Every structure is written in structure tokens, then in C-alpha cells.
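Single-structure report; data block below.
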Amino acid sequence: MMRLFGLLLRLYPASFRNEYGDEMRRLFAERRRMAGAGGRVALLIEALRDAFTTAPRVHLDILSQDLRYTRRTLARTPGFAIAAVLVMALGIGATTAVFSVTDRVLLRPLPFDTPQTLVRAWENVPGYPQLEPSPLNYRDWTERSRSFTQLEAYMDLPVNMVGAEPMRVAGVALTGPLLPMLGVQPSLGRLFTSEEATLGGPNAVVISHRLWLRAFGGDRGVIGHPVRLDDDTYTIVGVMPRDFYFPNRATELWVPLTLGPSWFEDADNNFLGVLGRLKPGVTLEAARAEMDGVMAALEQLRPRENGQTRATLRLLGDQVSWQSRLLIRILTGASICLLLIACTNLASLLLTRFAARRRELIVRSALGAGRERLTRQLLTESLVLSLAGGAAGVAFAYFATPLLARLVPTTLPVPDATVLDPRVLLVAAGVTILTGVAFGVLPAWRISRSAQAVSLREGARGAVGGRERLRAVLVTAQIGASIVLLVSTGLLVRALVRVQATDPGFKAEGVLTLRTALPIERYKSTASRSQFYERVVSNVQALPGVTAAAYTSFTPMVMRGGIWAVEMPGVDPQRDAADVHTASLRFLTPGYFSALGVPLLTGRDVSSSDTFEAPFVAVVSQSFAKRYWPQGDAIGRTFTIAFHERTIVGIAGDVRVRGLEQISEPQVYVPHKQVRDGWLPFYAPKDLLVRTSGDPLALAGSIRQIVRAVDPELPIADLQTMQEVVDLQTAPRRTQTAVLALFAGMAMLLAAIGLHGLLSFGVSQRRQEIGVRMALGATRVRVLRLVLNESALLALIGGAVGLGVAYAAARGFDTLLAGVQPNDPATYAAAVLITALMTLTGSLVPALRALKVDPAAALRSE
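Count along the sequence shown from 1, add 86, and you get the number used in my numbering.
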């Protein structure tokens with residue numbers, strides 16, 4: 087029983103036990119002897135109650151004393167307090183902001199029912215590992231696969247919402263059971279009924295929370311409200327929750343997708359998204375194996391359409407591209423690196439401060455304060471500084487997170503990471519407390535131990551060798567980590583410059599692009615579309631400063647365009663499926679190449695006389711011509727694409743339609759009039775390109791008026807300059823590089839502060855030694871060298887370790903370097919030079935202070 091009481095005493099602080107523990111044991115033993123068998127149980131219960139009620143009060147009383155003492159001591163040294171708080175704010179703020187993005191993209195499960203069983207499915211053909219399936223293959227998958235409880239389909243369906251102010255809305259058509267499969271219910275109204283999801287059923291639409299606010303002012307009576315989409319009237323039946331996004335953040339409405347018989351006539355028409363849910367017990371690997379067998383059977387069934395075609399299956403939550411994943415992981419590593427630098431800096435600051443208060447601590451120890459009590463007081467001070475830094479860091483992260491949110495891919499069905507949610511704030515609190523304890527306990531423990539181990543006279547003399555070595559290790563670590571950040575930033579900056587210097591294949595300067603998508607029903611005939619294009623283009627070309635204007639199916643880098651099989655004369659698609667290649671297809675109006683600035687290398691542009699009744703022609707890219715006619719005699723040759731055999735009349739330069747960092751497939755351009763009425767509506771020209779000699783954006787108002795005059799119900803969307811389109815290709819890189827550069831700059835600043843603090847403290851502790859050296863004849867240069875050699879040694883050790891770690895890290899992200907070598911000499915040389923300048927800057931003031939030591943005063947002190 088006494089042993090149990092001894093364990094209960096350990097719930098009290100050590101200082102309390104030292105003062106009252108023996109008396110409490112004596113009283114408990116006396117009461118135990120006087121109590122009977124039943125009384126001993128009551129006595130033990132009473133001791134338990136006292137321990138669990140009194141011990142917390144004692145701890146709180148001591149904590150209150152420590153907090154009051156901490157407030158007084160920090161108030162006497164506001165400079166130290168501000169410096170320590172700012173150091174931690176930088177580290178915790180950077181880590182919190184980066185974690186908010188990392189959590190949203192890589193860690194947090196999707197907000198759907200059992201998202202780990204939701205699988206995206208694509209067709210996989212040579213050169214296109216993730217090609218949207220055709221309706222025909224989708225139907226065959228649903229009939230043949232046994233790995234899924236459901237396989238549902240959807241497709242992009244952007245529409246014009248007609249009202250007082252027409253607007254272009256990103257919509258999706260999906261099969262009726264898809265939304266229920268996700269397990270998300272609308273916040274208002276309902277989902278589609280089976281009747282609405284059937285071919286020929288009533289037109290129903292479910293809208294997003296964002297569209298509900300933007301177009302309907304958050305009116306809760308919107309259910310049942312009619313809305314006109316393109317040329318059809320739909321009834322609003324539901325409003326989805328605020329944080330529901332599918333298939334991506336841009337989608338604002340959903341309508342039923344009904345697949346009629348005509349959809350299954352062509353297996354080359356690839357445009358569906360397919361989402362399935364795995365059956366219980368079925369793994370992704372098992373589903374992949376089964377789908378490989380299904381595609382092998384379909385290849386035998388339709389060798390032309392499914393030659394060399396397989397299926398790609400990925401979890402819905404794994405859609406983040408390798409580049410986005412790597413960018414975010416690099417930033418995560420950099421933020422952790424910066425946090426460690428900040429923490430080591432705080433530890434160094436605390437060591438310096440506690441050492442400066444060493445005499446005070448020795449006096450308190452001599453007056454009876456135990457080691458636990460001293461450690462507790464110093465650790466409280468560290469935690470107060472860390473908590474204040476954490477609060478400031480959260481404020482810093484609040485403003486930094488929207489910048490980093492640009493790294494969240496828009497293709498993910500997750501909310502923007504522009505705010506700090508409770509999960510992120512909880513992590514920030516945990517990091518704050520952990521760093522305060524982890525990097526405060528060691529300095530506190532060392533100082534409290536030394537305070538008890540020396541006499542007052544020794545304390546006055548200040549023997550500090552061990553603590554100086556610890557601070558030197560901390561500063562060395564800061565320098566090494568700083569070099570890692572510097573080298574990583576430098577390599578990615580050089581990669582960014584190389585990517586930005588890539589020729590897109592067109593001249594972006596002075597070009598405006600915008601979208602005017604024509605409703606299919608109202609503009610079903612080629613003649614009606616041609617009339618619209620001609621009226622708009624002719625009026626736009628009449629505007630002052632406009633040198634060229636034209637329409638195209640897809641603006642390069644905005645919409646990458648459709649992929650079509652190319653068939654050459656003499657090649658049997660059924661027999662020679664391996665020889666069937668693909669190309670990017672665009673329909674366009676005359677003047678496209680002039681408007682975009684794509685060089686027409688030989689031959690002619692498409693013309694207004696290239697109608698459906700005229701011979702079918704095409705302009706091809708240079709890579710297309712070289713693939714099939716490397717001898718340079720492509721003009722006049724024929725090939726088949728999009729249901730028609732066409733004659734090549736011109737060869738244009740290659741355009742990077744898929745972005746600056748992706749080599750695009752060959753391109754084929756055909757006249758917009760050479761398509762049968764009602765066919766290929768997806769390829770109908772919708773993007774207007776306008777080249778001007780002035781500011782492109784200055785034309786926006788005039789072009790709006792021209793479009794409104796031709797069709798008042800047609801909205802204008804995606805208005806931007808082509809330079810903005812090109813710049814958007816490097817936006818993630820630029821964001822990452824800017825953040826890394828900021829981190830590297832802060833790391834260098836913290837390392838310089840740490841080095842300055844270490845050397846300043848060393849000089850103050852070695853004043854007598856320096857004075858004696860000077861009295862014995864040491865020159866000012868020798869004294870200066872004494873201080874600078876110490877800093878140079880730290881920089882050399884830290885630099886060597888940092889360069890090795892930086893090279894290893896660069897090897898890990900070399901796929902992002904766009905041809906820049908991980909051991910790029912210029913980058914490493916620049917990092918070494920910057921580190922040398924930082925070392926000199928941090929060392930100069932302490933070195934000059936050493937020269938001011940008075941030798942006579944030092945001798946008198948001795």
C-alpha cells in the first residue's frame with residue numbers, strides 16, 4: 087500500500103515532493119496503522135481522490151508562477167523575445183501553409199463515400215496512356231467486367247445559360263446512378279429520377295452551390311425553377327453542397343447522360359469519362375488484370391478500333407500528375423527544412439540567453455531550486471516563445487496559403503486550399519508545441535545541469551565550452567540546410583528559364599483569344615455557323631489595329647484538341663492496325679495561321695472556297711509531313727481523317743498544343759465548311775483569335791458588342807491574351823520557384839543570425855583571452871583572423887554536408903529540371919558564393935567587436 091502511495095506522489099511536481107513528500111508519507115503511514123482493514127480501503131480511495139484533484143492544482147500553481155516570471159524576464163529583453171517569435175513564425179508559418187496544400191492534394195481522402203474503391207478507367211493506346219473511352223467500349227466494359235458494382239459514364243458539357251446576362255457554364259452530363267454512387271446528397275432538392283435519366287425523359291439539372299449563389303442569389307425557392315441551357319429549357323431539381331466538386335472544381339451543373347443507339351456506332355469517338363466502384367474484396371490489381379483480358383477480347387472483336395488498346399485503371403484520388411506531386415513534395419521538404427532551421431535557431435538563441443542568465447540560475451539553485459524546477463521554468467519560457475511564434479505563423483500562413491493554392495490541380499474534385507481549416511490548424515498547434523518542447527528541453531536541461539554543478543565563482547567566470555560546441559553544431563546544421571534550399575532553388579530557377587524559353591510554335595504577343603460556343607440546335611447546319619463566323623470575323627477585322635482574326639476548334643494550350651486516327655492509302659486498318667497513327671485535329675476559318683502567328687512553310691491556307699462540295703483538303707504540320715513523307719513531297723498527297731480522304735494543300739510549323747513541356751502530336755487543320763451538317767459538333771470552331779498591333783485587351787469591349795449584335799444570347803467566355811495562356815503553362819513552376827526562393831532567403835537570413843549570435847557570444851566569453859593575446863603582441867589582423875577562421879570552419883563543414891545532401895535531393899527531382907543537370911556547376915558555384923557572403927556578413931560585426939577589446943582591462947580582470 088505504501089508503494090502505491092509512493093506512485094501517487096509522483097503525480098506531484100518534483101519540487102513539491104522534495105518539500106512535502108516525506109511529511110505526506112509519514113502522515114499516510116500513521117493513518118494506515120490506525121485504520122482497520124476496511125478503513126485502509128477508504129484511506130486509499132481518499133489518497134487517490136486527493137492525488138487526482140490536488141496534483142493538477144499544484145501543477146497549475148507552478149505553471150502560473152512560471153508564466154508570471156517568464157512575462158517579467160521577456161519584458162526586460164524585448165529584442166530577444168521579438169527575434170525568437172519571428173524566427174518561429176517563419177518556420178511554423180511556412181510549414182502550415184505548405185501542409186494545407188499537401189493535405190488537400192496528397193493526404194486527405196476525397197469527400198465521397200468509401201473513396202478508396204472509386205476507380206477511373208481510360209483506354210491505353212501507344213502514345214496516349216489515358217485516352218477517354220468510346221461509348222462502344224464503355225458499353226462492352228459494363229457487360230463484360232465483373233470487378234465493379236457499377237461502371238458509370240460522364241462527359242464535359244459546357245453550356246450557355248441564357249438569361250438577362252448570358253453566361254458560359256462548365257457542365258457535365260452523367261449517367262443517372264453516378265451521383266448516388268458517390269454517396270453525396272444535395273443540400274436542396276433531390277438527384278435525378280429514373281425517368282429523368284432515361285432517353286427522352288424530362289430535362290432536369292442539378293446545380294452547384296457556387297452557381298446557386300452566383301446566378302440565383304442563394305434563393306432557396308430555386309427548386310422547380312426553369313432555366314434555359316443553350317436552346318433547351320431545364321428544370322432545377324437540386325443544389326449540391328458547398329464542398330461538392332465532380333469531376334473537377336470548375337464544374338457548376340450536372341444533367342443526365344442518356345446514350346442512344348447512334349452513340350455506339352463509332353469506336354473511334356473517344357470522349358467519355360468512366361468511373362467505377364470496385365466490388366467488396368476486389369483489389370485494383372485484380373480489376374486491372376480482368377480489364378486487360380476484356381480489352382484483349384475486344385481487340386480480337388474490333389482490331390481496327392482496338393488495335394494495341396488496353397485499359398488504364400487508377401484510383402480516383404490518384405489523379406494528381408507526377409509533376410504536381412513532385413512539386414508539392416519538394417515544397418514540403420523545403421518547408422520542413424526551413425522549420426528545422428528555425429528550430430535550431432531558436433535553440434541557439436535559448437542557449438545564448440540561458441547562458442547569459444547563468445549566474446541568476448546558479449543563485450536560484452543555491453537557494454534551493456532543484457534541477458527539475460529550473461528546467462521547468464526554462465522550458466516554460468521556450469514554450470511561451472514557441473506558442474507566440476505559432477500564433478504569428480498561423481497569421482503568416484493565412485496570407486501565404488492562397489498563393490500556394492495555385493499548386494492544387496484544378497482537375498481534382500476537392501475545394502480550393504485557400505483557407506486554413508481546423509485540420510490544418512490542429513497540425514499547426516501540434517507542430518508549435520512539439521517544436522517548443524523538442525528544441526527547448528535540451529538547452530534548458532543543459533543549463534539547469536550546469537547551474538547546479540558549479541559554484542558561484544565558477545558561474546561568474548562563465549566556463550561555456552560545451553554549450554559553445556552545441557551552438558556550433560546547430561549553426562553548422564543551419565548552414566547545411568540553407569545550402570540545400572539554395573541549390574534546389576537555383577536548379578529549378580534554371581529549369582524555369584529553360585522552359586520559358588521554349589518556342590511554342592506561334593507568336594503570342596498581341597493576340598487575344600475568347601470563346602463563343604454556338605448552341606448545337608440553333609447552329610446545327612454548317613451554313614448557319616459559317617454565317618456567324620463570317621459576320622463576327624469581318625467586323626472584328628474592321629476594328630482599328632486588328633491585323634488578322636479567325637476561328638478555330640481549340641486554342642492551343644487551352645483545349646488540347648481531339649485525337650483522330652490517320653489512315654494512309656494502301657494501309658488496311660483491319661490488317662495493319664499497328665501502322666495506323668494519330669494526329670490532333672482542328673477545324674478553322676481562313677486566316678488562322680496569320681492570327682496566331684504560325685508560319686505557313688509551304689502551300690496555302692484554307693480558304694472560303696473550301697466547302698463541302700469542293701475537294702476535301704487539309705493543312706498539316708511539319709512533323710506530320712516528315713512522318714509520312716520524309717523526302718519533302720507532302721503537298722498533293724492524300725490521307726484519310728474524320729471520315730474523309732483529304733489532299734494536303736499546305737504545311738505549317740509545329741505548335742506545342744499540349745503545353746511548353748510536352749512534345750505534341752502532329753496536327754491536321756481542315757476547313758470548317760468541310761463537315762456534314764450535324765456531324766462533329768465538338769469540333770465546331772468556338773475560339774476566336776485576334777491579332778492586333780496594340781493592346782489586345784483594349785479590344786475586349788468592342789468584340790463583345792460585335793458578338794452581341796450578331797447573337798444577343800451568346801456569352802463570351804475565357805477572354806485572355808495568348809501571352810497569358812503561355813504564361814499559365816509555367817504558373818506552377820513559377821509559384822514553386824518563388825516560394826522556394828523565399829524559403830531559401832529566410833533560411834540564409836536565419837543562418838546569418840545564428841552565426842552572428844554564436845560569434846558574438848563567443849567574443850563576449852573570450853574577451854579576457856583576446857585581450858591577453860593583444861597584450862602579448864597579437865596584431866589586429868591576427869585577432870580578426872581568429873574570429874573569421876571559426877566562422878569559416880563552420881561554413882566549410884556545413885557547406886560540404888549541404889552540397890552533398892543537395893546533390894542527392896536534386897537527383898530525386900531531376901525529372902523537373904527540363905534538361906538542367908543535377909550537378910549543374912553554375913548553380914553550385916552560386917550557392918557557395920551566396921553562403922560565403924552570408925558567412926562574412928554574419929561574422930563581420932563580432933569580428934570588429936573583438937578588435938575593440940581593451941587589453942589593459944582584460945589583464946586587470948585576470
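The C-beta atom is built at its ideal place from N, Cα and C for all residues, glycine as well.
It should be emphasised that the depicted structure is a prediction, and the values quoted were computed from it without experimental measurement.
Asked: Apply the 10 Å Cβ neighbour rule to Trp408 and answer buried if 16 or more other Cβ atoms are within range, or exposed otherwise.; Found: exposed
Asked: State the Cα-Cα distance for the pair Gly885 and Ile569, rounded to the nearest angstrom.; Found: 7 Å
Asked: Excluding the 5 residues flanking Arg547 on each side, which residues of the same chain have their C-beta closer than 8 Å to its C-beta?; Found: Confidence is the limiting factor: at Arg547 the pLDDT is only 46, short of 50, which leaves the residue's position unreliable and the question unanswerable from this model.
Asked: Since Leu629 and Asp804 are thought to touch, with beta carbons under 8 Å apart, how far apart are those beta carbons, to the nearest angstrom?; Found: That pair is no contact at about 20 Å.
Asked: Less than 8 Å between the C-beta atoms of Pro201 and Val360, yes or no?; Found: no
Asked: Opposite Trp340 in the DSSP bridges: which residues?; Found: Val258, Val292
Asked: Quick one: what does DSSP say Phe710 is sitting in, helix, strand or coil?; Found: helix
Asked: What do you reckon, are the CB atoms on Ala283 and Gly262 nearer than 8 Å?; Found: yes
Asked: Would you call the region 258–278 in contact with the region 318–327, where contact means no fewer than 3 C-beta pairs closer than 8 Å?; Found: yes
Asked: Among residues of its own chain, excluding the 5 on either side of Lys772, which ones have a beta-carbon nearer than 6 Å to its beta-carbon?; Found: Arg601, Ala603
Asked: Along the chain, where does the beta strand (DSSP E) containing Asn210 start, and where does it finish?; Found: 204–211
Asked: Which runs of the alpha helix (DSSP H) spanning at least 4 residues fall entirely within the region 355–412, listed in chain order?; Found: 370–387, 389–392
Asked: Using 8 Å as the threshold, is the C-beta distance between Pro801 and Pro252 below it?; Found: yes
Asked: Runs of 4 residues minimum, wholly inside the region 102–176: which ones carry the alpha helix (DSSP H) assignment?; Found: 123–162
Asked: Report the CB separation of Ile727 from Val684 in whole angstroms; it is logged as a contact under 8 Å.; Found: Actually they do not touch by this definition, with Cβ atoms about 19 Å apart.
Asked: On the DSSP bridge list, what partners appear for Val703?; Found: Thr733
Asked: Just grab the DSSP bridge partners of Ser670 for me.; Found: Ile649, Gln753
Asked: Could you spell out where the beta strand (DSSP E) holding Ala636 opens and where it closes?; Found: 632–638
Asked: Alpha carbon to alpha carbon, how far is Glu467 from Ala833?; Found: 24 Å
Asked: Which of the three DSSP states is assigned to Asn223 in this structure?; Found: helix
Asked: For Ile792, which residues of its own chain have a beta-carbon under 7 Å away from its beta-carbon, when the five flanking residues on both sides are left out?; Found: Val622, Asn625, Val626
Asked: Quick check on the DSSP output: the alpha helix (DSSP H) that includes Asp773 runs from which residue to which?; Found: Note, Asp773: premise wrong, no alpha helix (DSSP H); beta strand (DSSP E) at 773–778.
Asked: Taking the continuous alpha helix (DSSP H) assigned at Ile883, which residues delimit it?; Found: 866–898
Asked: Are three or more beta carbon pairs between the region 376–389 and the region 335–348 nearer than 8 Å?; Found: no
Asked: Using DSSP's beta-bridge definition, name the partner residues of Val325.; Found: Leu274, Ile293
Asked: Looking only at its own chain, which residues have a Cβ that is under 7 Å from the Cβ of Gly745, when we skip the five neighbours before and after it?; Found: Met643, Gln815
Asked: So Ala514 and Thr139 are supposed to be a Cβ contact under 8 Å. How far apart are they, rounded?; Found: Wrong, their Cβ atoms sit about 33 Å apart, outside the cutoff.
Asked: Is the distance from the Cβ of Val313 to the Cβ of Leu243 below 8 Å?; Found: no
Asked: Taking the beta carbon of Leu90 as the centre, do at least 16 other beta carbons fall within 10 Å, making it buried, or is it exposed?; Found: exposed
Asked: Would you mind giving the Cβ-Cβ distance between Ala180 and Leu424, rounded to the nearest angstrom? I have them listed as a contact below 8 Å.; Found: 5 Å
Asked: Okay, do the region 575–584 and the region 813–828 touch, 3+ Cβ pairs below 8 Å being the bar?; Found: yes
Asked: I'd like to know whether the C-beta atoms of Ala301 and Val573 end up nearer to each other than 8 Å.; Found: no
Asked: Thinking C-beta only, is Thr807 closer than 8 Å to Leu785?; Found: no
Asked: Can you tell which of Ala904, Leu193, Glu876 has its C-alpha closest to the C-alpha of Leu582?; Found: Ala904
Asked: Could you say if the region 427–436 and the region 120–135 meet the contact criterion of at least three C-beta pairs nearer than 8 Å?; Found: no
Asked: By alpha-carbon positions, which one of Ala336, Ile839, Val887, Gly566 ends up nearest to Leu930?; Found: Ile839
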